[in-house]
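Numbering (this note's numbering), first residue to last: 7 to 518.
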């Protein structure tokens with residue numbers, strides 16, 4: 007930790023400022039006798055090398071400045087604050103009351119009353135001011151925390167939609183939503199989670215739409231969180247769903263696009279923003295919600311409906327096709343057309359491995375390629391996944407480790423997972439594939455149907471804050487069913503999803 011007045015570079019800047027303005031002020035070159043509050047703060051931050059204690063003196067009034075390097079605006083620190091302090095102390099007030107200090111005209115000036123509050127303020131980019139004649143500590147907001155621009159999402163590609171994207175700053179993320187919903191119905195409740203990290207968290211919802219019981223449940227679970235630090239949305243999801251700690255399927259969805267977050271809010275869902283996380287988390291959800299994308303609203307309703315049906319087919323193919331193929335080729339060859347069976351038998355000639363083991367090897371191989379592609383830079387990763395899969399697959403066929411039919415089936419099931427946006431769901435589908443093949447390896451088609459039954463039963467029992475995972479709507483009708491699975495024309499889509507149990511079930515406009 008730095009107890010020097012300021013660094014050499016900072017001192018030169020301040021000296022130039024003083025000479026230019028001919029201020030009658032000097033740096034106090036000797037260590038000032040610390041007040042009790044200052045001494046306590048020095049003890050608190052003695053191991054924090056990025057926390058700087060600087061001492062200035064204007065018109066015989068010593069002032070201590072405390073800040074965290076890298077989190078404050080250097081322009082404010084070197085130019086604005088010294089100038090305003092000098093002007094303020096020129097006409098020194100009789101008492102340094104909070105009202106008198108408002109004449110400083112510094113942003114969000116407020117009193118700091120505890121060491122814990124001082125920690126939070128400093129590490130939020132605030133500047134602490136201590137006047138020698140006063141024991142009160144004041145904080146000034148001169149924060150300038152590192153952040154990146156709101157650029158395109160790498161996961162949710164925007165073809166026609168807006169290209170701004172959530173970043174790691176909760177204030178900017180909140181603003182991206184607020185500029186799209188200019189209404190007092192949008193409520194934002196702030197929380198602080200983590201005894202050590204003190205992570206900021208916000209729940210956003212439409213007060214006149216959301217279900218009150220669900221709102222109270224979410225708030226109660228967040229308030230009951232007792233951890234050292236919160237650093238990811240998945241961690242939050244597991245903490246607030248403590249009734250099923252080993253749940254497989256995601257209970258929250260996530261998005262990097264503010265327009266999709268706004269759409270979810272208007273449908274009666276909740277959006278959770280976490281400081282330091284570049285996604286917004288959406289709850290409650292069901293399986294059909296995970297098959298929707300932000301770009302659906304920008305597409306023609308017929309094409310969007312076709313795409314959603316492809317995603318439904320994709321999740322079925324990804325999870326069950328390899329197991330079904332293994333069951334047919336290993337146990338029930340009589341169910342395969344003769345010409346296809348002849349081709350399969352001929353292609354398997356020379357393959358020494360059982361069909362189930364062959365499928366396991368190929369699945370693991372493709373998962374390795376997918377994982378490697380995700381960890382490498384975007385352009386290199388895509389090349390490795392495609393070219394590597396083709397080359398290694400061809401080599402595996404030549405080496406007699408697999409046959410072309412099995413390679414096609416495994417490749418088709420792997421590619422089918424690319425129709426899914428939610429990566430948590432993609433990972434679960436990959437695990438289901440292995441589970442299905444394991445049962446099929448022992449019981450054939452009977453094991454396949456048992457696996458389908460077990461997976462379907464598990465999903466049917468699963469819920470997200472009271473919303474069943476397979477629930478299409480609380481009120482069954484053809485329109486509600488179609489709306490849950492496919493996209494209707496906007497003129498017909500004038501009802502909010504019944505699955506979220508909204509207070510206001512009708513959107514403005516549209517026709518019944």
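Beta carbons are placed, not taken as given, at the ideal position from N, Cα and C, and that holds for glycine.
Predicted, not measured: the structure shown is a model, and the values here were computed from it.
How long is the line joining the alpha carbons of residue 373 and residue 333, rounded to whole angstroms? Locating residue 373 in the chain shown gives position 367, where the first residue counts as 1. Locating residue 333 in the chain shown gives position 327, where the first residue counts as 1. Those two C-alpha atoms are separated by around 21 angstroms.
State the DSSP-derived secondary structure class of residue 373, mapped to helix, strand or coil. Along the chain shown, one-based indexing puts residue 373 at 367. Three-state DSSP puts residue 373 in a helix.
What does a CB cutoff of less than 8 angstroms around residue 223 pick up in its chain, not counting 5 residues either side in sequence? The sequence position of residue 223 within the chain shown is 217, counting from 1. Hits under 8 angstroms: 471 and 472.
In the stretch 235-317, which residue ranges form an unbroken beta strand (DSSP E) of at least 3 residues, counting only runs that do not cross its ends? 259-261, 276-280 and 286-289
So, with DSSP's three-state summary, where would you put residue 189? On the chain shown, position 183 is the one that residue 189 refers to. Assigned with DSSP and collapsed to three states, residue 189 falls in coil, not helix or strand.
In this structure, does DSSP put residue 454 in helix, strand or coil? As a first step, residue 454 is located in the chain shown; it is residue number 448 there, counting from the start. The DSSP-derived three-state label of residue 454 is helix.
Please state whether the Cβ-Cβ distance between residue 167 and residue 273 is less than 8 angstroms. For the purposes of this step, residue 167 is taken as the residue at position 161 of the chain shown. For the purposes of this step, residue 273 is taken as the residue at position 267 of the chain shown. For residue 167 and residue 273, no; Cβs fall outside 8 angstroms.
Note the first and the last residue of the continuous beta strand (DSSP E) segment covering residue 122. The residue labelled residue 122 in the question sits at position 116 within the chain shown. Taken as a continuous stretch (DSSP letters only), residue 122 belongs to no beta strand (DSSP E), being part of the alpha helix (DSSP H) at 121-128.
From residue 35 to residue 204, what does the alpha carbon distance come to, in whole angstroms? For this step, residue 35 is matched to residue 29 along the chain shown. For this step, residue 204 is matched to residue 198 along the chain shown. Low confidence applies to residue 35: its pLDDT is 34, below 50, so where it sits in the model is not reliable enough to give any reading.
Per DSSP, what kind of secondary structure is residue 33 in: helix, strand or coil? Residue 33 sits at position 27 when you count from the first residue of the chain shown. A caution first: residue 33 carries a pLDDT of 35, below 50, which makes its placement in the model unreliable, though a value can still be read off. Residue state, collapsed to three classes: coil.
Report the rounded CA-to-CA distance for residue 94 versus residue 297, giving the unit in angstroms. Along the chain shown, one-based indexing puts residue 94 at 88. Along the chain shown, one-based indexing puts residue 297 at 291. In a straight line, the C-alpha of residue 94 is about 60 angstroms away from that of residue 297.
Cβ shell of residue 199 (< 6 angstroms), same chain only, five flanking positions each side left out: Here residue 199 corresponds to residue number 193 of the chain shown, with the count starting at 1. Cβ neighbours of residue 199 beyond the five flanking positions: 205, 207, 231 and 236.
Coil, strand or helix - residue 351 by DSSP: Reading the chain shown from its first residue, position 345 is the one you call residue 351. Helix at residue 351.
Cα-Cα separation between residue 499 and residue 187, rounded to whole angstroms: Against the chain shown, residue 499 aligns to sequence position 493. Against the chain shown, residue 187 aligns to sequence position 181. Taking the straight line joining both Cα atoms gives about 20 angstroms.
From the DSSP output, in three-state form, read off residue 116 for me. Position 110 of the chain shown, counted from the first residue, corresponds to residue 116. The answer is strand: DSSP assigns residue 116 an E or B state.
Are the C-beta atoms of residue 364 and some chain D residue less than 8 angstroms apart? This model lacks chain D altogether, as it is built from one protein chain only.
Give me whichever residues DSSP pairs with residue 137 in a beta bridge. The residue given as residue 137 occupies position 131 in the chain shown. DSSP, once it has assigned bridges, lists 69 as partnering residue 137.
Rounded to whole angstroms, what's the CA-CA distance from residue 148 to residue 213? Just pull it up for me. In the chain shown, residue 148 corresponds to position 142, counting from 1. In the chain shown, residue 213 corresponds to position 207, counting from 1. Approximately 33 angstroms, taken between the alpha carbons.
In terms of alpha-carbon separation, which member of 268, 139 and 173 lies closest to residue 189? As a working mapping, residue 189 is identified with position 183 in the chain shown. Considering only alpha carbons, the answer is 268.
Using 8 angstroms for Cβ pairs, my map puts residue 369 next to residue 410. What's the rounded Cβ distance? Translated into positions along the chain shown, residue 369 becomes position 363. Translated into positions along the chain shown, residue 410 becomes position 404. Going by Cβ atoms, the distance from residue 369 to residue 410 rounds to 16 angstroms, so no, they are not a contact pair.
Could you check if residue 508 is buried or exposed, using at least 16 other CB atoms within 10 Å of its CB as the buried criterion? Counting from one through the chain shown, the residue named residue 508 turns up at place 502. By the 10 Å Cβ count, residue 508 comes out buried.
Check whether the Cβ atoms of residue 286 and residue 309 sit closer than 8 angstroms, and answer yes or no. On the chain shown, residue 286 is found 280 positions in, with the first residue counted as 1. On the chain shown, residue 309 is found 303 positions in, with the first residue counted as 1. Against a cut-off of 8 angstroms, the Cβ pair of residue 309 and residue 286 comes out as no contact.
For the stretch 400-469, which segments carrying the beta strand (DSSP E) assignment without a break, of at least 3 residues, lie completely within its bounds, in sequence order? Listed in chain order, there is nothing to give.
Could you pull the start and end residues of the alpha helix (DSSP H) that residue 58 belongs to? Here the question's residue 58 lines up with position 52 in the chain shown. Run containing residue 58: none in the alpha helix (DSSP H); it sits in the beta strand (DSSP E), 57-64.
Cβ-heavy atom distance, residue 146 to the ligand ZN, below 7 angstroms: Judged by which ligands are present, the structure shown has none, so any question about the ligand ZN falls away.
Would DSSP call residue 172 helix, strand or coil? Within the chain shown, numbered from 1, the residue matching residue 172 stands at position 166. In the structure shown, residue 172 sits in coil (DSSP, three-state: anything other than H, G, I, E or B).
Does DSSP put residue 343 in a helix, in a strand, or in coil? Here the question's residue 343 lines up with position 337 in the chain shown. Coil.
Would you grab the beta carbon distance between residue 294 and residue 491 for me? Rounded to a whole angstrom, and I think it's under 8 angstroms. The count along the chain shown starts at 1 and reaches residue 294 at position 288. The count along the chain shown starts at 1 and reaches residue 491 at position 485. 6 angstroms between Cβ atoms; contact.
Let's see if you can read the secondary structure: which residues bound the beta strand (DSSP E) around residue 207? Counting from 1 along the chain shown, the entry for residue 207 is found at position 201. Run containing residue 207: 205-212, per the beta strand (DSSP E) assignment.
By DSSP, does residue 499 sit in helix, in strand, or in coil? As a first step, residue 499 is located in the chain shown; it is residue number 493 there, counting from the start. DSSP places residue 499 in coil when its eight states are reduced to three.
In the DSSP assignment, the alpha helix (DSSP H) including residue 228 goes from what residue to what residue? Within the chain shown, numbered from 1, the residue matching residue 228 stands at position 222. Segment 218-229, the alpha helix (DSSP H) holding residue 228.
Would you identify the three-state DSSP class for residue 512, choosing helix, strand or coil? On the chain shown, position 506 is the one that residue 512 refers to. Of the three classes helix, strand and coil, the one that applies to residue 512 here is strand, per DSSP.
Would the stretch 421-438 count as touching the stretch 302-321 if we require 3 or more Cβ pairs under 8 angstroms? Contact holds: three or more Cβ-Cβ distances are below 8 angstroms.
Report the three-state DSSP secondary structure of residue 505 (helix, strand or coil). Within the chain shown, the letter at position 499 stands for residue 505. Residue 505 falls in the helix class under three-state DSSP.
Classify residue 512: buried if its beta carbon has 16 or more other beta carbons within 10 angstroms, exposed otherwise. On the chain shown, residue 512 is found 506 positions in, with the first residue counted as 1. Counting other Cβ atoms within 10 Å of its Cβ, residue 512 stays below 16 and is therefore classed as exposed.
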